[in-house]
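Q:
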Amino acid sequence: MIREFGTGEVIYIVLAIRWTIALSLIAFLGGALGGLTVALARVSDNTSARLAATGFIRLFQGTPLLMQLFIVYFGLNIVGLPTSAWLAAAVALTLHASAFLGEIWRGCIQAVPRGQTEAADALAYGYVTRLKDVILPQAARIAAAPTTGFLVQLIKSTSLASIIGFTELTRAGQVISNATFKPFVVISLVAVLYFILCWPLSLAAKRLESRFDRAVAR
Amino acid sequence: MNMVPTKPEPALQAQTLPAIELQGLEKWYGAFQALKNVDLTVQSGEKIVICGPSGSGKSTLIRCINQLEEIQGGTIRVDGKALTNDPKSVRAVRREIGMVFQQFNLFPHMTILENCILGPIKVAGVPRAEAEEIAHEYLKRVRIPEQANKYPAQLSGGQQQRVAIARALCMRPKVMLFDEPTSALDPEMVNEVLDTMIDLASDGMTMICVTHEMGFARKVADRVIFMDHGEIIEENDPEQFFEAPRHERTRSFLGQIA
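Chains as they are written, first to last, in my numbering: chain A, 1 to 218; chain B, 1001 to 1258.
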C-alpha cells in the first residue's frame, strides 16, 4: 500500500499552497481591520478602550498560537457553531493578527511626531480628519516594512492550522508523507514552497525599510 | 474676493469684548507649576510680544489659549465666550485662533497647497475650488505663490514657516499665536518670516507672539510682556520696556539678550 512519490503527489502538495495563501489573506485582511481598531483604541483618550485593547494584546501575545487555535476550534461548538477547521483557523488567525498588527501599528502611530497632532488640533481639525488625513498616512509609511515582516510570520504560522485538521500546505505534506514513507523529501519540498512564498516578501520588507530610512534621512 | 481680511479698528473694538481674556490661569506639570495666576487681556487688533527666559512659561501660556495645554485653574475667554472642556467649544475656539509653531509642523506628505486647503475644506466646509483660491491668495501674501505644488521638504526653513503662516491664515482666524516662529531658522531666514509677520500686523491682525526678536517687538508690539517662573513680571509699551524697564529681572534679562 506504499504509494510512489510521483508527479501526482508533487502536484497535490503544490496545489495545497492555495489554501495556505487563502488562509493567510483572510487572517491578514481580518487582522488589518482588527489591528487598526486595536491600535486606535490603544492611542485613544478613552481609558476603558485603552485597557480593553491592552488586555486583548497581552492575551494573544502571552499565549501560544496553537492554544488559540485549539480554544477557538473547540469553542465554536460551545457557542453553537459547527466545528469547522476552516472557520476555527480563520477566526483564530484573524484574532492573532489583530493583536500583533494592533501593537505594531500603535507604535507606528506614536512614532509620528507630536507636532503633527498639535498642528492638526490648532487648525481645529476633528478626530477623523486628524487621523485619516494627517496621522495615518504618515504612520502607514513607517508601518510598511514591519507589516510586511509580520505577514511573512503569519504565512508561516498558518502551518499550525494543520494540527486542527485544516488541509493547507503542511497538512498536504503530512498526508503525502504518510502515504509514501518519504518524509524527508516531502517535508523538504514543503519547506521550499514556504520559502518561495516568503522570500520575496522578506525582500520587499527590506526594500521598504531602506526606502523609509532614506526618506527619514532626507 | 478681498485678499486682506477686514479687521475693525482697534479703537472701535476696544469698547466691545476683548479678543482674549485670561484670568487667574494656573498650569501644573505634576508638582511643577508652569503658570501662576496669570491674567492677560488682549484687545482686538492688539499686538502683544511675550518674552522671557526659557522655562518661564511663555510658550505654555499661548498654548493654553487654544487648549493645546489643559489648564488646572482660571478662565479663558475668546471673543467673550468662556472656554470649557467640551470638545465642541474647544474646536469652536480653535477655529478663531491660528497658530504658528517653532518647528513649522507642516504635514510632510502633502503639497504646500494641500497643507493650506485641508482645513478650509474639512473644517469650514469650503468647496475645493474656493479653498484653492483662498490658499493661492495667502501664499501670494507670504510671497511664495510659485511653491504651491512642492512638498515641505523641498522648501527652506524660512519658506516652510511662511507656508505655516499661510496655512493658519487660510482658516481666516481672528487671532494669531506665534510660538517662537524664528527660533528654529538659520539667521539669514529670520527676516523673511519677520517681514511676513510685520505685514500681517499692519493689516490689523490680533497677534500674540512669543519671540526674542526685540527689533520686531519695538516695531510692532503694542505691549511687551516679560515672564519669569510662570508669572508676568512686567507689562509695558515697547518704548518703556526697552528704555526704562521697571523690574530688576527684566533689566537683567534684557542685558543678557542684547
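All residues carry an ideal CB built from backbone N, CA and C; glycine is no exception.
Secondary structure at Cys108(A), three-state DSSP: helix, strand or coil?
A: Residue state, collapsed to three classes: helix.
Q: Under 6 Å Cβ to Cβ from Ala1135(B), same chain only, skipping five residues before and after it: list those, please.
A: So the list reads Leu1113, Cys1116, Ile1117, Cys1170, once near-sequence residues are dropped.
Q: Once the 5 residues before and after Ala97(A) are set aside, which same chain residues still bring their CB inside 8 Å of it?
A: Excluding residues within five positions, the ones whose Cβ falls inside 8 Å are Ala27, Phe28, Gly30, Gly31, Ala32, Gly34, Gly35, Phe150, Leu154.
Q: Taking a Cβ distance cut-off of 7 Å, strictly less, list which residues of the stretch 1066-1087 of chain B are near chain A, in chain order.
A: Of all residues in the stretch 1066-1087 of chain B, Asn1066, Leu1068 have a Cβ within less than 7 Å of some Cβ in chain A.
Q: Would you check if the distance between the CB atom of Val1210(B) and the CB atom of Phe1241(B) is smaller than 8 Å?
A: In this structure, Phe1241(B) does not lie closer than 8 Å to Val1210(B) by Cβ.
Q: So with Cβ pairs under 8 Å, would you call Leu1185(B) a contact of chain A?
A: No, Leu1185(B) does not count as interfacial toward chain A.
Q: In terms of alpha-carbon separation, which member of Phe1104(B), Gly1119(B), Met1110(B) lies closest to Glu1096(B)?
A: Checked all of Phe1104(B), Gly1119(B), Met1110(B); the closest Cα to Glu1096(B) is Gly1119(B).
Q: Could you say if the stretch 1147-1162 of chain B and the stretch 1185-1204 of chain B meet the contact criterion of at least three C-beta pairs nearer than 8 Å?
A: Result yes; three or more Cβ-Cβ pairs closer than 8 Å.
Q: Are the Cβ atoms of Ile1232(B) and Val1038(B) separated by less than 8 Å?
A: Yes, the Cβ-Cβ distance between Ile1232(B) and Val1038(B) is below 8 Å.
Q: Can you tell me whether Asn1236(B) is helix, strand or coil according to DSSP?
A: Three-state DSSP puts Asn1236(B) in a strand.
Q: Taking the C-alpha atoms as reference points, what is the distance between Trp1028(B) and Leu1061(B)?
A: The alpha-carbon atoms of Trp1028(B) and Leu1061(B) are separated by roughly 12 Å.
Q: Take Val190(A) and list the residues in its own chain whose beta-carbon comes closer than 7 Å to its own, dropping the five residues that flank it on each side.
A: Answer for Val190(A): Ile13, Leu169, Thr170, Gly173, listed in chain order.
Q: Run down chain B in chain order and give the residues with a C-beta less than 9 Å from the C-beta of Gln138(A).
A: The contacting residues are Phe1107, Pro1108, His1109.
Q: Would Asp213(A) count as contacting chain B if we go by Cβ distances under 8 Å?
A: So no, Asp213(A) is outside the interface.
Q: Who does Tyr1029(B) pair with in a DSSP beta bridge?
A: According to DSSP, Tyr1029(B) bridges with Phe1032(B).
Q: Among Lys1036(B), Thr1111(B), Glu1069(B), whose alpha-carbon lies nearest the alpha-carbon of Ala1151(B)?
A: Note on identity: in this sequence residue 1151(B) is Tyr, with Ala being the wrong assignment. Among Lys1036(B), Thr1111(B), Glu1069(B), the Cα nearest to that of Tyr1151(B) belongs to Thr1111(B).
Q: DSSP on Phe28(A), reduced to helix/strand/coil?
A: DSSP places Phe28(A) in helix when its eight states are reduced to three.
Q: Grouping DSSP H, G and I as helix and E and B as strand, with all else coil, what is Gly126(A)?
A: Coil at Gly126(A), not helix or strand.
Q: Going along chain B, which residues have a C-beta under 8 Å from Tyr225(A)?
A: What the structure shows of chain A is the stretch from 1 to 218, and residue 225(A) is not part of that stretch, so it cannot be assessed.
Q: May I ask you to report which of helix, strand or coil DSSP gives Arg1249(B)?
A: Here Arg1249(B) sits in helix by DSSP.
Q: For Met1171(B), return the contacting residues in chain A, with the cut-off set at a CB-CB distance below 9 Å.
A: Under the 9 Å cutoff, chain A gives Leu123, Ala124.
Q: Under the assumption that Phe1228(B) contacts Ser1056(B) (Cβ atoms under 8 Å), give the Cβ distance between them as a whole number of angstroms.
A: According to the sequence displayed, residue 1228(B) carries Asp and not Phe. Right, their Cβ atoms sit about 5 Å apart.
Q: Output the distance between the C-alpha atoms of Glu1213(B) and Asp1237(B), rounded to the nearest integer angstrom.
A: Glu1213(B) and Asp1237(B): Cα-Cα distance of roughly 15 Å.
Q: What does DSSP give as the partner residues of Arg1077(B) in its beta bridges?
A: Glu1021(B), Ala1082(B), per the DSSP bridge assignment.
Q: Identify each residue in the stretch 1094-1106 of chain B for which the Cβ-Cβ distance to at least one residue of chain A is less than 7 Å, and report them in chain order.
A: Within the stretch 1094-1106 of chain B, the qualifying residues are Arg1094, Arg1095, Met1099, Phe1101, Gln1103, Asn1105.
Q: Determine whether the Cβ of Arg1091(B) lies closer than 8 Å to any Cβ atom of chain A.
A: Taking Cβ atoms only, chain A reaches closer than 8 Å to Arg1091(B), which makes this a yes.
Q: Taking the alpha carbon of Asn1066(B) as the reference point, which residue from His1109(B), Pro1173(B), Asp1203(B) has its own alpha carbon closest?
A: That would be Pro1173(B), whose Cα lies nearest to the Cα of Asn1066(B).
Q: Using a C-beta to C-beta distance shorter than 9 Å, which residues of chain B count as neighbours of Val222(A)?
A: The shown model of chain A, from 1 to 218, leaves out residue 222(A), and the question about it has no answer.
Q: For Leu110(A), would you say it is in contact with chain B, using Cβ-to-Cβ distances shorter than 8 Å as the test?
A: Position check: residue 110(A) holds Gln in this sequence, whereas Leu was assumed. Cβ-Cβ to chain B under 8 Å: no for Gln110(A).
Q: Would you identify the three-state DSSP class for Ala81(A), choosing helix, strand or coil?
A: Looking at the sequence shown, residue 81(A) is not Ala but Leu. Leu81(A): coil per DSSP, three-state reduction.
Q: Within its chain, find whatever has a CB closer than 7 Å to the CB of Ile57(A); leave out the 5 residues flanking it on each side and keep chain order.
A: The residues are Val38, Ala99, Gly102, Glu103.
Q: Beta carbon of Ile1165(B), beta carbon of Val1190(B): below 8 Å?
A: Against a cut-off of 8 Å, the Cβ pair of Val1190(B) and Ile1165(B) comes out as no contact.
Q: Please list, in chain order, all residues of the same chain as Thr1250(B) whose beta carbon is under 7 Å from its beta carbon, the five residues on each side excluded.
A: Within the same chain, Thr1250(B) has close Cβ partners Phe1226, Ile1233, Glu1234.
Q: Please confirm whether Val128(A) and Cys198(A) have their CB atoms less than 8 Å apart.
A: Cβ atoms of Val128(A) and Cys198(A): not closer than 8 Å.
Q: Do you know offhand how far Pro137(A)'s Cα is from Pro1087(B)'s?
A: Cα to Cα, Pro137(A) sits roughly 24 Å from Pro1087(B).
Q: May I have the straight-line CA-CA distance separating Phe1253(B) from His1247(B), to the nearest angstrom?
A: Computed Cα separation, rounded: 10 Å.
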